[in-house]
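Visitor: A single structure is presented below for examination.
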Amino acid sequence: MTWGFSKALWFLFVVAIPYLGVFIYLVARGGKMHERQVDDAKASQDAFAAYVQQTAGAGTSTADQLTKLASLRDSGALTTEEFEAQKAKLLV
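All residue numbers for the sequence shown refer to the working numbering, where the first residue is 82 and numbers rise by one.
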């Protein structure tokens, strides 16, 4: 082997083949990586929303909230349509 050929072969093994491997991996798995990233972001958002709801509504159950809505409706602070809309939001 000549000195130039061995340097070229060494260059392929050290520089070119690792980049080629990374490129092939990204082409083969790139779509799946994006899907996993979107799923992780959605799970994180759902966990954050659940935490906020738990913290903001600590100690109040759906039944308690419905009772408060009914008392507001009975006192005239809410119309029947507003009561039904809020009730639908709670029961979802």
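Virtual Cβ for every residue (Gly too), placed ideally from N, Cα, C.
With a 10 Å radius around its C-beta and 16 neighbouring C-beta atoms as the bar for buried, classify LEU171 as buried or exposed.
Guide: exposed
Visitor: Relative to the alpha-carbon of ALA169, which residue among LEU101, GLN146, SER125 has its alpha-carbon at the smallest distance?
Guide: GLN146
Visitor: Quick one: give me the first and last residue of the alpha helix (DSSP H) that PHE104 is part of.
Guide: 98-137
Visitor: With H, G and I counted as helix, E and B as strand and the rest as coil, what does DSSP make of VAL95?
Guide: helix
Visitor: Taking its Cβ as the centre, do 16 or more other Cβ atoms sit within 10 Å of LEU150, making it buried, or is it exposed?
Guide: buried
Visitor: Does DSSP put SER142 in a helix, a strand or coil?
Guide: coil
Visitor: Could you have a look at ALA158 and say whether DSSP puts it in helix, strand or coil?
Guide: Three-state DSSP puts ALA158 in coil, outside helix and strand.
Visitor: Helix, strand or coil for THR148, going by three-state DSSP, please let me know.
Guide: Looking at THR148 - three-state DSSP - the assignment turns out to be helix.
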